[in-house]
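**Student:** Provided herewith is a single structure, encoded as structure tokens, for subsequent inquiry.
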Amino acid sequence: MSDSAVPGFINYPTPRSLEVPYKAPPPPSNPVIRGLPLYYGASIVAALPSLQTYLWNNAGFSVLRGLRELNDVENRYDPTVIPLKQPTDEAPHTYTNPQNLRVLPQDVAFRFYSVADFHNAYKSGKLTPTDVVESLLPLIRRDAQTPTKHSTAFLETRVDIVTKAAEAATTRWKEGRPLGVLDGVPVAVKDEMDLKGYKRCNGTLRDYTSKRDATSWCVVKLEEEGAVVLGKLNMHELGMDTTNNNPNHGTPLNPYNENYYTGGSSGGAAYAVGAGLIPFAIGTDGGGSIRIPSSFCGVYGLKPSHGRVSSSPSPSIANTTVVLGPLAGNMADLEVSYQVMANPNPANPSSSVFSPPKAHSNKRKKLLGIYKTWFNRADPLVRAACEKALDYFTSKLGYEIVDITLPFIHEGQLAHAMTILAEVAVTVPDVTGLTAANKVLIKVGSKTPTPDFLLAQKLRTVIMEHLAYLFQKHPGLIIVTPTSPIPGWHISGGKADLKYGCSDGNMTVRNMEYVWLANFTGIPCIQFPVGYVDSVAGTGKIPIGLSGNGEWGSEDALIEFGYDGEAWVNSGLEGGRRKPETWVDVLKLKEEPGVM
């Protein structure tokens, strides 16, 4: 690791190529346990260290021991790479000027509401922020006399706090002094963040609140722009899987097809956006937890560079992999929410030295890197949907595709999983009261030997150095993969899975085939919808997502790539963007209270 490897960065990896022959992984052999057997079996696993060690070995975590390429490699524990502030890098006076939003035209096949639509409704006097909040509260409150299916996406909503914020925004609008395009716009945050007046349970039955009067920095920045935070959103317990199955608080179902999971662990956020309840939400991403649910629910998601968005004061349970970022119904909202929440935090040493977020202003190279062997591991339906989008990019938008390779991608996925499980096991040593699946995962993670953990950090160095080599050789390169290799995750165990949980490590590993790279190496990654495929149950089609991984600090270029993806789904894809089956027309709720 060298500060001077590339000028203008701190901790940029030394660019170094490592070409190794591709080796397909063996089929995963983790036992699939669900329902009552999982409920009772988890207690047995938690009580038997020898069984925990067996499951650790069975997962394949010992595979790094035979890699000679890791000899004499320095461990890298922190993937943060910081693009330094330049003398000309001044943050814009405001990120929320409505004139700067690139909003979709009204005549596209289907259009998620943008923050601009709320802004225009308030400006015209057709609606007030109070109108919108009063219409939404009966739909999202868990403590309502008759909770709706939408309320499962929310863990807590403080009516007094929400109403007060909406009334303040309404007053500003009536007095002709709105704060910007976010003033009065309803949003919500994943339970993993601190929010004043709310507890933080991380999807468990516990209380992990740092300070009752604290709010995470990025949420503070949104509130300063007048956004009305509706409360805390549901998540997979401790963020430890990719379904958002949560027996503690209920499981939100996919807004496109209720026979499918939303994906996780930011599943409540993806549901709230995907069902049209809010234009954007804040999630967290330690192993695809923003991008997988965004893909499954047909919305947009951005996993920023590691350390780019300050989480203070909320501590992460996996601090070398987890970041905060937005999920949104369209690119305009993804861009503005990211720009506001990524304002550097003066109290956070890492965040404070990042250059401020800004719109991409320079001419960019439209260069997409594809590791074909890896890309082609996706299921045929997923691969076909992604390839159609890539054809559009190259034939209509001037993109060029270059072949690339990445070393040890399957070993890298195991190294990422080993790292995040070990970090959580140290942070959450007591599994009492956790869901059955997490009792197993955390106890297995606790069996990671120190030498193997260190080998994982050596592999992190190797992969980051190879990425640095690719980004220096191909300036502006965006590494493209399907977001998930599977066409959604069907709830195959039905109500029993929702009640007791499900431990399907094979499916989890498969689902995270591509997303781990950005978390383990700290690079930013954007995901956007590119198509829809038939489901195995129910009538609604299932969204498919494509991801772009960029160089550290290249969020502005990835956002431009996202806009090109939005052009594809609205102008190139046959039939255009599809309307979710579970859709709430929020701006018509006041005039049509029964509309769902």
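Using my numbering, read the sequence shown as starting at 16 and increasing by one per residue.
Glycine included, each C-beta is placed from N, C-alpha and C at the ideal position.
Which value, in whole angstroms, describes the spacing of the CA atoms of Ile305 and Gly340?
**Tutor:** Residue 305 sits at position 290 when you count from the first residue of the sequence shown. Residue 340 sits at position 325 when you count from the first residue of the sequence shown. Their Cα atoms are separated by approximately 7 Å.
**Student:** Threshold first: 3 residues or longer. Then list the beta strand (DSSP E) segments lying entirely within the stretch 197-229, N to C.
**Tutor:** Fully enclosed beta strand (DSSP E) runs of 3 or longer: 201-205.
**Student:** What does a CB cutoff of less than 8 Å around Phe295 pick up in its chain, not counting 5 residues either side in sequence?
**Tutor:** Locating residue 295 in the sequence shown gives position 280, where the first residue counts as 1. Closer than 8 Å at Cβ, skipping near neighbours: Val130, Val202, Val288, Pro341, Leu342, Ala343, Gly344, Asp348, Leu349 and Ser352.
**Student:** Three-state secondary structure (DSSP) at Leu119?
**Tutor:** Translated into the one-based positions of the sequence shown, residue 119 becomes position 104. Reduced to three states, the DSSP call for Leu119 is coil.
**Student:** DSSP three-state call for Tyr547: helix, strand or coil?
**Tutor:** Indexing the sequence shown from 1 puts residue 547 at position 532. Here Tyr547 sits in strand by DSSP.
**Student:** Considering just the uninterrupted stretch of the beta strand (DSSP E) at Lys318, what are its terminal residues?
**Tutor:** Within the sequence shown, numbered from 1, the residue matching residue 318 stands at position 303. It spans Tyr315 to Lys318 - the beta strand (DSSP E) in which Lys318 sits, taken as one unbroken run.
**Student:** At which residue ranges does the stretch 545-593 contain complete beta strand (DSSP E) runs of 3 or more residues, listed in the order of the chain?
**Tutor:** You should have 557-564.
**Student:** Could you check if Arg31 is buried or exposed, using at least 16 other CB atoms within 10 Å of its CB as the buried criterion?
**Tutor:** The sequence position of residue 31 within the sequence shown is 16, counting from 1. Result: exposed.
**Student:** Report all residues from its chain with a CB closer than 7 Å to the CB of Pro153; omit the five preceding and five following residues, and keep chain order.
**Tutor:** For the purposes of this step, residue 153 is taken as residue 138 along the sequence shown, with counting starting at 1. Taken in chain order, the residues that qualify are Ala159.
**Student:** Once DSSP output is grouped into helix, strand and coil, what is the label at Val397?
**Tutor:** Numbered from its first residue, the sequence shown carries residue 397 at position 382. Note: Val397 maps to helix in three-state DSSP.
**Student:** Take every Cβ of the stretch 196-210, pair it with every Cβ of the stretch 319-334, and state whether three or more of those distances are shorter than 8 Å.
**Tutor:** Touching, per the Cβ criterion.
**Student:** Keeping to the same chain, check which residues put their C-beta closer than 7 Å to that of Ser309; ignore five residues upstream and five downstream.
**Tutor:** The count along the sequence shown starts at 1 and reaches residue 309 at position 294. Closer than 7 Å at Cβ, skipping near neighbours: Ala285, Tyr315, Gly316, Leu342, Gln542 and Gly560.
**Student:** Compare the beta carbon distance of Val548 and Trp583 with 9 Å and say whether it is the shorter of the two.
**Tutor:** Taking the sequence shown and counting its residues from 1, the one referred to as residue 548 is at position 533. Taking the sequence shown and counting its residues from 1, the one referred to as residue 583 is at position 568. No, the pair does not count as a contact, with Cβ atoms beyond the cut-off.
**Student:** Judging by CA-CA distance, which residue of Leu63, Ala20, Thr29 and Leu70 is the nearest neighbour of Gly520?
**Tutor:** For this step, residue 520 is matched to residue 505 along the sequence shown. Nearest option by C-alpha distance: Leu70.
**Student:** Between the stretch 378-392 and the stretch 406-426, are three or more C-beta pairs nearer than 8 Å?
**Tutor:** Yes, since at least three Cβ pairs between the stretch 378-392 and the stretch 406-426 fall closer than 8 Å, the two stretches touch.
**Student:** Taking DSSP as the reference, what is the three-state secondary structure of Lys141?
**Tutor:** As a working note, residue 141 is residue 126 in the sequence shown. In the structure shown, Lys141 sits in coil (DSSP, three-state: anything other than H, G, I, E or B).
**Student:** Whose CA, out of Ala357, Val324, Met250 and Leu292, lies closest to the CA of Ile307?
**Tutor:** Position 292 of the sequence shown, counted from the first residue, corresponds to residue 307. Ile307 has its Cα closest to that of Met250, out of Ala357, Val324, Met250 and Leu292.
**Student:** Determine the contact status of Val495 and Gly563, defining contact as a CB-CB distance below 9 Å.
**Tutor:** Taking the sequence shown and counting its residues from 1, one reaches residue 495 at position 480. Taking the sequence shown and counting its residues from 1, one reaches residue 563 at position 548. Yes.
**Student:** So, with DSSP's three-state summary, where would you put Lys100?
**Tutor:** Mapped onto the sequence shown, residue 100 falls at position 85. Note: Lys100 maps to coil in three-state DSSP.
**Student:** How is Val324 classed by DSSP in three states: helix, strand or coil?
**Tutor:** Within the sequence shown, residue 324 is the residue found at index 309, counting from 1. Three-state DSSP puts Val324 in coil, outside helix and strand.
**Student:** Does the stretch 252-262 come close enough to the stretch 506-514 to have 3 or more Cβ pairs within less than 8 Å?
**Tutor:** The stretch 252-262 is in contact with the stretch 506-514.
**Student:** Using only the alpha-carbon positions, how far apart do Thr277 and Pro267 sit?
**Tutor:** Counting from one through the sequence shown, the residue named residue 277 turns up at place 262. Counting from one through the sequence shown, the residue named residue 267 turns up at place 252. The straight-line gap from Cα to Cα measures roughly 7 Å.
**Student:** Give, in chain order, every unbroken run of the beta strand (DSSP E) that is at least 3 residues long and sits entirely within the stretch 512-541.
**Tutor:** The qualifying runs are 517-519.
**Student:** Flag this pair as yes or no: are the beta carbons of Thr230 and Thr185 separated by less than 9 Å?
**Tutor:** If you number the sequence shown from 1, residue 230 lands on position 215. If you number the sequence shown from 1, residue 185 lands on position 170. Against a cut-off of 9 Å, the Cβ pair of Thr185 and Thr230 comes out as no contact.
**Student:** From the DSSP output, read off the bridge partner residues of Glu171.
**Tutor:** Indexing the sequence shown from 1 puts residue 171 at position 156. BP columns for Glu171 point to Lys247.
**Student:** What did DSSP end up calling Thr299 once you bin it into helix, strand or coil?
**Tutor:** Residue 299 sits at position 284 when you count from the first residue of the sequence shown. Looking at Thr299 - three-state DSSP - the assignment turns out to be strand.
**Student:** Count the other CB atoms within 10 Å of the CB of Gln121; is the residue buried (16 or more) or exposed (fewer)?
**Tutor:** In the sequence shown, counting from the first residue as 1, residue 121 sits at position 106. Its Cβ having fewer than 16 others within 10 Å, Gln121 is exposed.
**Student:** Tyr223: which of Lys488, Ile176 and Val443 sits nearest, CA to CA?
**Tutor:** Counting from 1 along the sequence shown, the entry for residue 223 is found at position 208. Ranking the options by Cα distance to Tyr223, first place goes to Val443.
**Student:** Using the C-alpha atoms, what's the distance from Tyr484 back to Met433?
**Tutor:** Counted from its first residue, the sequence shown places residue 433 at position 418. Counted from its first residue, the sequence shown places residue 484 at position 469. Distance between the alpha carbons of Met433 and Tyr484 is about 25 Å.
**Student:** With 16 as the cutoff for other CB atoms within 10 Å, does Ser376 come out buried or exposed?
**Tutor:** Against the sequence shown, residue 376 aligns to sequence position 361. When all chains shown are included, Ser376 counts as exposed.
**Student:** If we ignore side chains and look at the alpha-carbon of each, how far apart do Thr95 and Cys540 end up?
**Tutor:** Start at 1 with the first residue of the sequence shown, and residue 95 comes out as number 80. Start at 1 with the first residue of the sequence shown, and residue 540 comes out as number 525. Their Cα atoms are separated by approximately 14 Å.
**Student:** Taking only runs that begin and end inside the stretch 34-79, name each unbroken beta strand (DSSP E) of 3 or more residues, in chain order.
**Tutor:** With a minimum length of 3 residues, the continuous beta strand (DSSP E) runs that stay inside the stretch 34-79 are 47-49.
**Student:** Can you tell me where the beta strand (DSSP E) with Gly384 in it begins and where it stops?
**Tutor:** To locate residue 384, count along the sequence shown from 1; it is residue 369. Residues Leu382 to Ile385.
**Student:** Please give the ranges of any beta strand (DSSP E) in the stretch 423-501, keeping only runs that are unbroken, at least 3 residues long and fully inside the region.
**Tutor:** Qualifying beta strand (DSSP E) stretches, in chain order: 492-497.
**Student:** Using the three-state DSSP reduction, which class does Ala343 fall into: helix, strand or coil?
**Tutor:** Residue mapping note: residue 343 aligns to position 328 of the sequence shown, counting from 1. Residue state, collapsed to three classes: strand.
**Student:** Fully enclosed by the stretch 255-303, which alpha helix (DSSP H) runs are 4 residues long or longer?
**Tutor:** Those alpha helix (DSSP H) runs which fall completely within the stretch 255-303 and span 4+ residues are 282-289.
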